[in-house]
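To convert, take the position in the sequence shown, counting from 1, and add 14; that gives my numbering.
Using N, Cα and C, we set each Cβ at its ideal position, and we do this for glycine too.
See structure below.
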Amino acid sequence: MKIKFWLLFSLLGSSLFIAQAQQGTIINSILEGQVTDKSNNAPLEGVSIVIKGTTNQILTNSKGQFILRTGQKLPYTLLVTIVGYKSTEIKVDGSPVKIELEQDVQSLSDIVVVGYGTQKRKDLTGSVSSISAKDFNKGSNVSVDNLIAGRAAGVQVTQSSSEPGAGVSIRIRGANSINASNEPLYVIDGFPIDNSNRTPTSAVVTESAPRNPLNSLNPSDIASVEILKDASATAIYGSRGANGVILITTKRGKRGRLSVEYNVSGAVQEVAKKIPVLSTSQYISLLNDLKAAQGLAPEFTDEDIAAIGKGVNWQDEIFRKGYTQNHQLSFSGGQDKFTYYASLNYLDQTGIVISSGIKRYTGRVNLNYTDAKFKFGINLNTAKINDDYVPNGVSINEGAGIVNAAIFQDPTLGIYDKNTGKYAQTNLVNLENPLGLAYGVSDYAVTSRTFGNAFLEYFIIPEFSVKINGGTDIQSSRRDTYLGRNTRKGNNANGIASVQTTNSNNALLELTARYAKTFSNHSLEVLGGYTWQNFDWNTLNSSAQNFTTDAFGTDNMAAGSSSTFTINTYKSRNQLQSLLGRINYTFNDKYLLTANFRADGSSRFGADNKYGYFPSLALGWHVNRENFFRNVRTISTLKLRASYGSTGNQEIGNYRSLVLLGTQGQAVFGNAAEVGISTTQLANPNLKWETTNQFDAGVDFGLLDDRITGSIDYFNKNTKDLLLELPVPTTTGFATTLTNIGSMNNRGFEFTVNTVNLRGKFNWTTSANLSVVRNKVTGIGGLPDILQGSAGFFNSFSILKVGQPLNSFYGYEVVGVLQKDEQYTPQPLSAPGDLKFLDANDDKTISASDRKILGSPFPDFTYGINNSLGYGRFNLSFFWQGVKGGKILNLNISESENPISFRRNRLSRSYTDRWTETNPTNENPSGLSPAFAYVDASGTINSRAVQSASFLRLKNISLSYDIPANRVFQSAQVYFVAQNLVTFSNYFGFDPEVTAFGTSNVRVDYNAYPLSKIYTLGLNVKF
């Protein structure tokens, strides 16, 4: 700690010395003047006035006035600059002088938010994608993530579910970790938030689809999103920068009178695609044929068939049109020194699956004050979210949830029991009645969250300032779940009630100092600081069963049997403290250097590795500003840049380096039962960071006076010290312990281009991006290949293998269907119509050793193309998003071809053209023998279920019309947006982008909540 304070003290002392030296300038003459806005004659505060060729500088006061005392003789030239206005040079020969500045909209867009500050885009040496509000995806977007999907190269945003409030997976330049998080760090207005998925999910049994941690942030409040990708940009965040950093900047007020804006929209949603399953008649025919092939009596008699009628299409019963209403009211304005922005938002969305929805209420206040000496700001966001969950999950039978039941439930089962009038149930299938499950389970959560920060910056001299930034993020949630006695699962226990409450608090304190100076051909900025962040979390879970009535639900858990009542509590804490520094240096406005350093200390790691050190260095060169390049008229911008640095990943959970104790059974001593306590985790004092070293080389270019702009990047990331479970001697009482032994590589290219195709009354612009990422595991500490992945009765469907992509799919390769009179030696017991598996090791026997890699979850490349056309007051834009290559594991196919029970429905894909003696196809098996009947249970994972995840989607199309202003309003716009309108894909499931495992690396479609098409009509009015 002493070292940290001496570093800060030395930085402060050096800066004060500089200040005193400058204040000692000889005063021989005085120049007075005022700077105003040319458009409205308003005085401008904080304008920099510099005598050209000298270091003499002063800032204007709140009235736009300045008094410059200098030894320079008149006349001389003043350099006048301030952000948001065009810089100007003016020759003066006496006092007073009046200077008018013209607003520069382009200069504002040239300012990019980076870690702990801002930079001019032209001075960036790192790889940063900047997306402003005008480039966001339009339409009904509940979360910030969806605003940027497909808009940035190297950033894969996967909308894994259309469930209201569901999580979104973001991968920036691939996946870096096996067991730790691969999600980026989110920083909102300078406040790093906890983006762990601790809010409740909709899973019945397995917490598989986490909620989105950004749901409490209103997308309409967002001004811009910056995505930091290389080490030059992310090293300033040290141990949390390995997966990239997403900087979210909310809207600010502008100088001028009060402006009120109201945005209202309504949306209709519908399921984009349903799973083709057997119709009732096809189902009856198949089951009777299968029985006949085995010499058995038919499953359905003619009388049964007549009584069944048309049966039930369960997907039609659970899918519906969803409706969304969104109301946004904002206020903004300000004076010379003070600006404000405030907003209120109400969102109400019903899901496309019955009994699912979300309601959100948010409020935001942003206040900013600036004068010559101080900058002060407050950013405050509060939200309340009501979630209505539909039971869903990745388990089996009753625990599989509503989507699984809708796909595989017996279509001959009526919706209602004719005798009781209640929802019909059957023991022949071991699945819930989808409607009975949806309406028989009450599952609600209420989440309240308030987060924000306040900062104060003091300018000791114009070039040097100190800043304090403090923030807090307070969140509480309660989830009440009751499984009624009319559901199969609830009936087994006479009703099941559970209540989960969670509270968390994230506190932040930052102290930074900044020195910025331009002199002669040199520009220098130095940043140094100390940060501290604390995370507290606690939860309480209680449950009860065996209720005499469903009337109480979770309101009176004492109504359940006391012998079934359980309660569990848990709390945790982790802390980070850090020293950070950055130097930005520019010479002759051509040569750029950026150096970053951060030292992080984390309570999560072992006693021998509490601190990690993360440096980076980047260089840039404006080639087009060289004399030898001046005659190259076509190329208006050409900047080369390169960077190398280290970042870390500390998202492993708390207390993983310590010995942990837990309860273990009971023992009776005397007449009392005592709870046992035992060790549940071994200590590892050497546990440390996962570290990523990244090299990046890039080119930023502009052609034809920047009508064509873009960038090309190559990156190579090597991650070491990956956390894996290492086997330990059985004498320890444990099988494994978490150890840093793995390594991985991600490398690839990124390409972005923006073009202005037409200007004038009719305008047309295009933006496009392309990303190529190659991932491979480079080391697992000498361990044998590691199998991972589990859902339902499916296990070990992905593999960690050196030289292969992370979580590659693993199983048997199908080479055809056994034909009549065909002899296939590796499967001597197989019958005609059975699947044939590849004898990969050529040992003439099909066994587990014949399993092989069936594909990678990583795409070959991703891309996005947006076109925007304007004519008069009309604007039309359409955005295409695409993924080429990569695989997804469709476990719905595996379950269909290996049914748990005979009476379950099947996917039509495998059975409408199945093998029979009269239809000897080589594509689909007969359906008589499941795959695991002639290998083992892992035979259910084969190449038939591993499918292409390629797609091309019309992600967003919007049409707007600007209504002419009048005395009532300043501006108004009516707009229509269609989302996910068309998808071109050969994938058989709901959608190649969905996944049952939320933010996991494993791409699996199993009981996933399907994608929806969304149609939005809205009106925006500004008063």
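Who pairs with residue i in a beta bridge, going by DSSP?
i            : result
residue 459  : 401, 493
residue 1022 : Per DSSP, none; premise fails for residue 1022.
residue 976  : 987
residue 867  : 824
residue 758  : 733, 791
residue 930  : 933
residue 909  : Partner(s): none; residue 909 has no beta bridge.
Beta-carbon within less than 7 Å of residue i's beta-carbon, same chain only, minus the 5 sequence neighbours each way: which residues are those?
i           : result
residue 578 : 558, 559, 560
residue 250 : 129, 130, 594, 596, 610, 612
residue 126 : 132, 133, 135, 138, 142, 144, 240
residue 498 : 454, 455, 504, 509, 564
residue 248 : 242, 255, 258, 259, 661
residue 601 : 535, 536
residue 898 : 873, 874, 875, 964
I need the straight-line Cα distance from residue i to residue j, nearest angstrom please.
i           : j            : result
residue 822 : residue 812  : 5 Å
residue 719 : residue 652  : 12 Å
residue 549 : residue 255  : 18 Å
residue 160 : residue 188  : 19 Å
residue 89  : residue 631  : 43 Å
residue 552 : residue 514  : 11 Å
residue 107 : residue 628  : 52 Å
residue 726 : residue 140  : 12 Å
residue 889 : residue 960  : 42 Å
residue 304 : residue 738  : 46 Å
residue 770 : residue 973  : 19 Å
residue 658 : residue 706  : 11 Å
residue 294 : residue 311  : 19 Å
residue 12  : residue 479  : No statement about residue 12 is possible, as the shown extent of the chain runs from 15 to 1037 and does not include it.
residue 461 : residue 1017 : 29 Å
residue 763 : residue 734  : 21 Å
residue 590 : residue 516  : 22 Å
residue 466 : residue 97   : 25 Å
residue 491 : residue 801  : 35 Å
residue 721 : residue 783  : 17 Å
residue 68  : residue 533  : 8 Å
residue 427 : residue 447  : 9 Å
residue 298 : residue 197  : 47 Å
Please work out which residues of its chain come closer than 6 Å, Cβ to Cβ, to residue i, disregarding the five sequence neighbours upstream and downstream, and give them in chain order.
i           : result
residue 373 : 362, 400
residue 415 : 218, 405, 406, 407, 1021
residue 195 : 665
residue 341 : 278, 360
residue 880 : 781, 893
residue 581 : 556
residue 482 : 470, 525
Rounded to whole angstroms, how far is the Cβ of residue i from the Cβ of residue j, which I believe are closer than 8 Å?
i           : j           : result
residue 143 : residue 182 : Their Cβ separation, rounded to whole angstroms, is 17 Å, which puts residue 143 and residue 182 out of contact at 8 Å.
residue 626 : residue 699 : Not really, about 15 Å apart at Cβ, beyond 8 Å.
residue 858 : residue 832 : Actually they are not in contact, since the Cβ atoms of residue 858 and residue 832 sit about 15 Å apart, beyond 8 Å.
residue 382 : residue 493 : Residue 382 to residue 493, Cβ: 37 Å. No contact.
residue 411 : residue 451 : Between residue 451 and residue 411 the Cβ distance is about 12 Å, and since that is not below 8 Å, they are no contact.
residue 667 : residue 679 : Contact doesn't hold; Cβ gap of about 25 Å is too wide.
residue 57  : residue 350 : 6 Å
residue 234 : residue 346 : Not confirmed; about 13 Å, so no contact.
residue 919 : residue 489 : About 42 Å; that fails the 8 Å criterion.
Does residue i get closer than 9 Å to chain C when you measure Cβ to Cβ?
i           : result
residue 467 : The structure shown contains no chain C; it is built from a single protein chain.
Less than 8 Å between C-beta atoms, sequence neighbours within five positions excluded: which residues of the same chain meet that for residue i?
i           : result
residue 942 : 304, 307, 308, 845, 847, 848
residue 773 : none
residue 649 : 638, 643, 715, 716, 717
* To do: Any chance you could list the beta strand (DSSP E) runs of at least 3 consecutive residues sitting entirely within the segment 244-327, in chain order?
  => 259-264, 270-285
**Item:** Complete runs of the alpha helix (DSSP H) confined to the segment 695-726 [at least 4 residues]
**Value:** none
Whole runs of the beta strand (DSSP E) within the segment 778-844, excluding any shorter than 3 residues:
800-805, 808-814, 822-825, 828-831
Practice prompt. Just list the alpha helix (DSSP H) runs in the segment 321-407, keeping only unbroken ones of 4 residues or longer that don't cross its boundaries, in chain order.
Written response: 328-332
Query raised in the report: Could you give the uninterrupted runs of the alpha helix (DSSP H) lying entirely in the segment 625-653, keeping only those of 4 residues or more?
Result: none
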